[in-house]
Structure formats: structure tokens, C-alpha cells
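Trainee:
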Amino acid sequence: MKTLSKEEIQNLYTFTRQHYVEHYDLQTELVDHLANDIEAIWKDNPNLSFIEARDQSFKKFGVFGFMDVVEQRQKAMNKKYLKYLWVEAKQWFTIPKIIITLTLFLGFYLSFKSAIANYFFWAYYIIMAVWCFIRVVSLNRTFAKRKKLNNKKWLLEEIIFKQAGGTGLVLISQLPSWENIAQDSFSNGYFVVAVSIFTTLFFIWLFISYQLLPGKAEELLKTTYPEYSL
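The working numbering puts the sequence shown at residues 1 to 230.
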């Protein structure tokens, strides 16, 4: 039975890149699938050339080629990223980190109960917005350096260093819409409690996605991709 050579395997990697599959983990998954299918095709028709068998296998992906597979993998990896984020978030509600969480909540609550609650609200907003902007710039630079060193793009790595940061900035950009509500609402005790809880959770989420998970990138990548350290 005919099997693929190393050169043909490399050709499949090039083929996936030519069809807009940028991430090495997705390329590897598709190359494995194509290689197995090509060898199965050869079993039935050994006279086909490698290119003919490859193209025959590729046609099975349909009109959109690899795009459906890529989209499914992106959704799956986003779920995995959210799982990692949730694991970190739960620790902030167990001892000893719950002490920090309660301290944050109390600090926000007392600030928003004060006579200058509006000033505190916008001060916290500006501080978080500036910090997020600085972190996004830093994470993008780190991601660029990692790509130069490794020469391979991993989907989870891109989510950790790029997508998460962009999502945070989008959420922060919506905070000015609170202006009209905030001006008249800090006299309401329930509103103060709700905003204090939201601000605490939002701060924790930002810290995890911008600081903790990027700091654990190597560990998470090795856990997710056994081939990462090879």
C-alpha cells in the first residue's frame, strides 16, 4: 500500500496555508485528515498521482474548502479559552483570594456611596481604560516577538494575546453610555450595590484575561497541544 513521503506531507502543510489556514494546530489536524484520506484513495486507485489524490480529497470539503472546519475549530478553541478563564475566575471566590475580592467590593462600594461617587466612577473607568490600552499594546508586542521566535501560529495563543484584549476594549468603550444613569443613580442603595458588584467582577475579569492568562500562556499551550513542546 502506498504511503505519503515526508516531502508530500510538507506539501500538504503548504497546501493548507495556500487555502488560508494560518494556525499550525489547524494545519496539522487537516494534514492528518488529508493524509489518511489520500492513502485510502490510493488503496482503491493506486495509479493516481499524489496531486490527483490530494485534489480529490480536498473536493470532499465542499465549496468553502477548509473554512467550515476552521470555523468549527475556532468555536471549540474559544470555548476552551473561556473554560481556562472560568477556572481562574472561580479561584477569586475561594480562600485566600476571596479576601481580595471582598476588599475590592468594599472599596468600590464605599467609593460609590460617597458624596463624590461620580468622580470615583469616572476615575476608575479612566484608570481601567488606560491600563487596558497599555496591556493591549504590550500583549501585541509580545505576540509579535513569540511569532518571530517560533515561526508557528497557534490558535489558542492568538486568542490569549489578541482576541481577549480586543473584547475587553469593546466592553470598556460601552461604559460612557452609563453617564446619564450614573449621574442621578448613586443615591439609590440598590444601584450602588449592583454597580459595586459589576465593577468588582469586571476588574477581576480584566485582570485574568489581560494579565494572568497571558502569563500562563506557555503552560496552557503545552496542556492544550501535546506537540507544542516538540
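Built from N, CA and C at the ideal position, the CB exists for glycine as well.
Helix or strand or just coil, what does DSSP make of Y225?
Mentor: For the purposes of this step, residue 225 is taken as the residue at position 225 of the sequence shown. Note: Y225 maps to coil in three-state DSSP.
Trainee: At which residues does the alpha helix (DSSP H) containing L201 begin and terminate?
Mentor: Walking along the sequence shown from the start, residue 201 turns up at place 201. Segment G189 to F207, the alpha helix (DSSP H) holding L201.
Trainee: Three Cβ pairs or more, each shorter than 8 Å: is that satisfied between the segment 190-203 and the segment 93-112?
Mentor: Yes, the segment 190-203 is in contact with the segment 93-112.
Trainee: For F133, tell me which candidate among S114, F202 and Y210 has the shortest Cα-Cα distance.
Mentor: Looking up residue 133 in the sequence shown gives position 133. Selected option, being the one with the closest Cα: Y210.
Trainee: Using the C-alpha atoms, what's the distance from F202 back to N188?
Mentor: As a working mapping, residue 188 is identified with position 188 in the sequence shown. As a working mapping, residue 202 is identified with position 202 in the sequence shown. Using only the alpha carbons, I get a separation of about 21 Å.
Trainee: Nearest by alpha-carbon distance to F161: which of F15, R17, L212 and F186 is it?
Mentor: Locating residue 161 in the sequence shown gives position 161, counting from the first residue. Checking every option, the nearest Cα to that of F161 belongs to L212.
Trainee: DSSP three-state label for S114, please.
Mentor: Residue 114 sits at position 114 when you count from the first residue of the sequence shown. In this structure, S114 counts as coil in the three-state DSSP scheme.
Trainee: Run through DSSP, which three-state label would H33 get?
Mentor: Taking the sequence shown and counting its residues from 1, the one referred to as residue 33 is at position 33. DSSP places H33 in helix when its eight states are reduced to three.
Trainee: For the segment 56-73 against the segment 17-26, are there 3 or more C-beta pairs whose distance is under 8 Å?
Mentor: Judged by Cβ distances under 8 Å, the segment 56-73 makes contact with the segment 17-26, as three or more pairs qualify.
Trainee: If you measure between the beta carbons of F121 and V192, is that distance less than 7 Å?
Mentor: By one-based count along the sequence shown, residue 121 stands at place 121. By one-based count along the sequence shown, residue 192 stands at place 192. Not closer than 7 Å, so no.
Trainee: Buried or exposed: which applies to Y190, given that a residue is buried once 16 or more other Cβ atoms fall within 10 Å of its Cβ?
Mentor: On the sequence shown, residue 190 is found 190 positions in, with the first residue counted as 1. Per the 10 Å Cβ criterion, exposed.
Trainee: Looking only at its chain, what residues have a beta carbon closer than 6 Å to the beta carbon of T101, apart from the 5 residues adjacent to it on each side?
Mentor: The residue given as residue 101 occupies position 101 in the sequence shown. Closer than 6 Å at the Cβ level, and outside the excluded window around T101, lie W92.
Trainee: Using only alpha-carbon positions, find the residue among L30, S185 and K222 that is nearest to A117.
Mentor: Translated into positions along the sequence shown, residue 117 becomes position 117. If we check each option's Cα against that of A117, S185 comes out closest.
Trainee: Between L26 and the rest of its own chain, which residues show a CB-CB distance below 7 Å, the 5 nearest in sequence each way excluded?
Mentor: Within the sequence shown, numbered from 1, the residue matching residue 26 stands at position 26. Taken in chain order, the residues that qualify are V70, R73 and L155.
Trainee: Short of 8 Å in beta carbon distance, which residues of its chain neighbour L220, apart from the five on each side in sequence? Order them along the chain.
Mentor: Mapped onto the sequence shown, residue 220 falls at position 220. For L220, where only same-chain residues beyond five positions count, the Cβ hits under 8 Å are Y84, L156, I160 and L213.
Trainee: Would you tell me roughly how many angstroms separate the C-alpha atoms of T142 and L30, rounded to the nearest one?
Mentor: Mapped onto the sequence shown, residue 142 falls at position 142. Mapped onto the sequence shown, residue 30 falls at position 30. C-alpha separation (whole angstroms): 28 Å.
Trainee: Hey, out of A35, R54 and T28, whose CA is closest to T3's CA?
Mentor: Start at 1 with the first residue of the sequence shown, and residue 3 comes out as number 3. The shortest C-alpha separation from T3 is found at A35.
Trainee: Less than 7 Å between the C-beta atoms of I208 and E88, yes or no?
Mentor: Counting from 1 along the sequence shown, the entry for residue 208 is found at position 208. Counting from 1 along the sequence shown, the entry for residue 88 is found at position 88. Contact flag set, yes.
Trainee: Rounded to whole angstroms, how far is the Cβ of K145 from the Cβ of K153, which I believe are closer than 8 Å?
Mentor: For the purposes of this step, residue 145 is taken as residue 145 along the sequence shown, with counting starting at 1. For the purposes of this step, residue 153 is taken as residue 153 along the sequence shown, with counting starting at 1. Rounded, the Cβ-Cβ distance is 13 Å, inconsistent with contact.
Trainee: Going by CA-CA distance only, name the one from L206, G215, T223 and D37 that's closest to A129.
Mentor: As a first step, residue 129 must be located in the sequence shown, where it is residue number 129. Nearest option by C-alpha distance: L206.
Trainee: Hey, how far is the Cα of K75 from the Cα of D37?
Mentor: On the sequence shown, residue 75 is found 75 positions in, with the first residue counted as 1. On the sequence shown, residue 37 is found 37 positions in, with the first residue counted as 1. Computed Cα separation, rounded: 25 Å.
Trainee: What residues in its chain sit with their C-beta under 7 Å from that of N78, if we drop five residues either side in the sequence?
Mentor: The residue you call residue 78 lines up with position 78 of the sequence shown. Closer than 7 Å at Cβ, skipping near neighbours: I159.
Trainee: Does I204 pass the burial test, meaning 16 or more other C-beta atoms within 10 Å, or should it be called exposed?
Mentor: Here residue 204 refers to the residue found at position 204 when the sequence shown is read from its first residue. By the 10 Å Cβ count, I204 comes out buried.
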